[in-house]
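Okay, structure first, notes after.
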Amino acid sequence: MEDPKTIPDATRPGHRKFSKPPVKLACLACRTLRIRCDGLERCGNCVARETPCSYVPSKRGGPRIRKRKRPLTPVSGSMDTSLNSISNDEVEVDGLGLGLPGSIWLDQLFTLGAPGAGLRSIESSVSEIEQIFDEIFAEDSVRIPSEAEDEPAVEPDLLQTYASDEDILDAYYVFIHLYCPLLPPPERLPARNKPVYGPPTYRPSSPLALAVCAILSLIPHPEVRQPSKPECIKLRREMAHSYAQSALEAVEADLELLDSASDPSRALSEGVAQCTREPFHVKVPVGLEAVMALVLLSSYEYAQRGNIQKMCNRAGQALTAAMSVSLHETVEEDGFAEARRRAWWMTYMTVCQGSIVSGMPPVINLYDPRFVTPYPKGWKLLIEAQQTILEATTFVHDLNLTIKSQYNAPWISKRMMDLDSQITYLLHPCRATSPSIPRFPPTPTDSPEIIALQSMKYIAEIKLHSARIKTHRFCAFQDAAIFRRRHCDLHATTPSSTTSAPSCCSMPGPQPQNPPPSQSRNSRISFPFSSHASSKICLHAALNITNLLDNLPYPNPTNEIPLTRPPYLARHSRVEIPRTMPSFACCAMQASYAMMMLGMKARGSVSSSSSGGTGGGSSGSGRSLDGFVEELRQSLRGVWKVLGNYAIAFEAVGGMRGMLSLILGGLGMGMGADLRRLDEIGLSMGWLE
């Protein structure tokens, strides 16, 4: 192929330009090799190389539009005149330019001999660079930046959603397994949280995966800087409820018999529904996923939606589904034995939890001889603690009924002694070491199963101390109501029992002329403990609960040693990583109630001794009271912080935290600031004379 003919470029000495401009429709082969194309249907280069010749439009945005024209380099007027007078037909140009007329050739020669000849002109080099920049960034060169670009970008609506079942399973082990080890230990380590950084693109089909997503989507995304904004909370709430509804639909689909829709006459003889999809976990049978999903949805209804009735309904559904496949009497050993044991005993504890938070007796026999499924390794203590706190709840329920009926109840003393002995017996293994429980607290990078075993030990001890408060609460404080709303079996105040006290508490007016109602109601009831002894027991239990709540581990989404405690969602965030599965939130409220009543009772005791005794001891008693109240205040703040951590993800728990905020604020953050109000409570409870 002929070399293209060129002529000297007068505007750029030392450069030549083509006599014909490059074609706009260069083929792909010529563009790839960066050679000149003649623009024909089959160009000469492709014919010579015997390669296919095809044209595809450029993706660079079409023709280039320059912002400004390239500046021209001034040259002598004689050269301009001579160039303009010479036609292209008269000029024959070769590679060295020797075909030019003599005058032009001499002018070029003289130019090369001028000072600075051969050096590139700055103006022309800048022009070339600008032209190349415009051609490469044609789309960017047209766009004009606006003032709005200087403003910070709008925060995206990111949620904790995932791209696959594997990512959802990893997130389960990061956030849920530490406190509710429903699934067998993880098959691969380490487990990391890998949410998507955009709109959700994957929707699982397993009811268990959907139930897990319902809880995970309540946790703020690490890239959301202000997760407490109302719009962010609403977005998480709606997404979680969508997953929960889908999980319920998937549960119904799993429990549905195919013959029920096509041939109902055969459905009664089919037995259990069979599922053919892939399992969510390799060691969990597909048939157990519906049971496990209902267990998680029961916790979701309680912690997020605050619906105790639905919580109990989901737990009842899980119990029915579990017993229909004989999970309560599974003793065989195979690859799925661990999953069946965990599914059954977690269902059992969920049913018990429904009775605990509702303050009602259990719907099942706790010690039914049919329940022969072995305990999973390390679970025995937690299950016995759950049974004990439910027995204490039943004791409170029966005691309230007895007081209302005003009948003599000799059984109360023996039952209270038996409960206290049972709690003391179970607390010993909590402080001792066990082969299944690590001796030292786990590190954040340990296996989720190791951390879960330690958490279960802490949770068991929390429940046992809460059971002790329930057992001694009436003897110590006459079960006086101080919360405006009901929490578990802590009764709410009534309008008739409140005065102009803070909105968080009931402040009965002093009635010194009549005996307190609580004394007249329990005059026929004899307790095996004095009020002072029961108060001291409640004090120790409440302080232990506070310390244990603070020692619970945090999730570790990145599987790294966190730089702060509590750890944050991301390096640029100042939002704590929330713990999940607050099945023991009622225990926190029990401890708060005990500490509030102890502060009031201590104030009443000091006021009584100072008014009836010598004045020299009053100052010492006052200093002791201040130190005692300060200790209670710090412990109450500890409970408040723990509930605040759970409230980052679970809105219903935020109501408990709000109640404690009102208590702390209404009583001057220390309970010792408002002496007159405490005197009124002491008078109403009979602690002041």
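Per the UniProt record's numbering, the sequence shown starts with residue 1, numbered consecutively.
For each residue, glycine too, the CB sits at the ideal point set by N, CA and C.
In this text the structure is predicted, and so the values were computed from the model without any measurement.
Looking only at its chain, what residues have a beta carbon closer than 6 Å to the beta carbon of residue i, apart from the 5 residues adjacent to it on each side?
i: S324; result: none
i: T330; result: R340, T373
i: M456; result: L382
i: G644; result: R657
i: A29; result: C46, T51
i: T394; result: P361
Note the first and the last residue of the continuous alpha helix (DSSP H) segment covering residue i.
i: F395; result: 380 to 405
i: Q309; result: 308 to 324
i: S355; result: 337 to 358
i: V174; result: 165 to 175
i: V47; result: 44 to 49
i: D420; result: 411 to 431
i: A649; result: A649 -> no alpha helix (DSSP H), and no H or E assigned at all.
i: L294; result: 289 to 303
i: P448; result: 448 to 477
i: S531; result: 531 to 551
i: Q245; result: 230 to 254
i: R370; result: Element bounds for R370: n/a, residue is neither H nor E.
i: T558; result: Element bounds for T558: n/a, residue is neither H nor E.
i: T32; result: 28 to 33
i: P207; result: 207 to 216
Alpha carbons only, please: which of the options is nearest the one belonging to residue i?
i: Q634; options: S592, V284, V56, S624; result: S592
i: S205; options: A163, R314, P220; result: A163
i: R237; options: A303, G287, E252; result: A303
i: S530; options: M416, C232, I577, M659; result: M416
i: F650; options: N307, P528, C37; result: N307
i: L255; options: A48, G287, P199; result: G287
i: C312; options: E332, L598, V295, K601; result: V295
i: N544; options: R277, K463, P199; result: K463
i: Y568; options: L427, E252, P220; result: P220
i: D550; options: R574, T276, A588; result: A588
i: D368; options: A250, Y348, R431; result: Y348
i: A191; options: R579, M596, T564, P557; result: P557
i: C586; options: I469, L327, D398; result: I469
i: S242; options: C232, R203, E384, R225; result: R203
i: W344; options: L319, D334, F336, S246; result: L319
i: A392; options: G359, K404, L25, T402; result: G359
i: S405; options: M581, D334, S326, I525; result: I525
i: H532; options: E560, C488, Q478, T580; result: Q478
i: F336; options: E289, F527, R370; result: E289
i: Q317; options: E301, V291, N559; result: V291
i: I577; options: V629, V642, E384, G627; result: V642
Going by beta-carbon coordinates alone, are residue i and residue j separated by less than 7 Å?
i: P374; j: R342; result: no
i: M346; j: L182; result: yes
i: S413; j: A476; result: no
i: A214; j: A244; result: yes
i: A211; j: L297; result: yes
i: Y173; j: P566; result: no
i: A293; j: L208; result: yes
i: A542; j: A602; result: no
i: A647; j: G638; result: no
i: A322; j: V351; result: no
i: K194; j: D165; result: no
i: F175; j: P562; result: no
i: F474; j: L427; result: no
i: L158; j: M239; result: no
i: D420; j: T471; result: yes
i: L662; j: W640; result: no
If I measure Cβ to Cβ from residue i and keep anything under 8 Å in the same chain, skipping five residues before and after, which residues do I get?
i: P184; result: H281, K283, V284, E338, A339, R342
i: A570; result: P222, E223
i: P435; result: Confidence at P435 is low in this model, with a pLDDT of 46, below 50, so its placement is unreliable and the value that follows should be read with caution. Cβ within range, chain order: n/a, list empty.
Contact defined as beta carbons within less than 8 Å: I believe residue i pairs with residue j. What is the distance between those atoms, to the nearest angstrom?
i: L382; j: A467; result: At roughly 13 Å, the Cβ-Cβ gap does not stay under 8 Å, so L382 and A467 are not in contact.
i: T388; j: I356; result: With a Cβ gap of about 11 Å, T388 and I356 do not count as contacting.
i: L390; j: Y458; result: Incorrect: roughly 19 Å between the Cβ atoms, too far for contact.
i: L453; j: L539; result: Going by Cβ atoms, the distance from L453 to L539 rounds to 29 Å, so no, they are not a contact pair.
i: L178; j: I451; result: 5 Å
Which same chain residues end up closer than 7 Å to residue i when comparing Cβ atoms and leaving out the 5 residues on each side of it in sequence?
i: S583; result: S299, Q353
i: C27; result: C37, C43, C46, C53, S54, Y55
i: P429; result: L381
i: L366; result: Q387, L390
i: R574; result: Y568
i: I35; result: N45
i: T580; result: F175, I176, Y179, I215, A649
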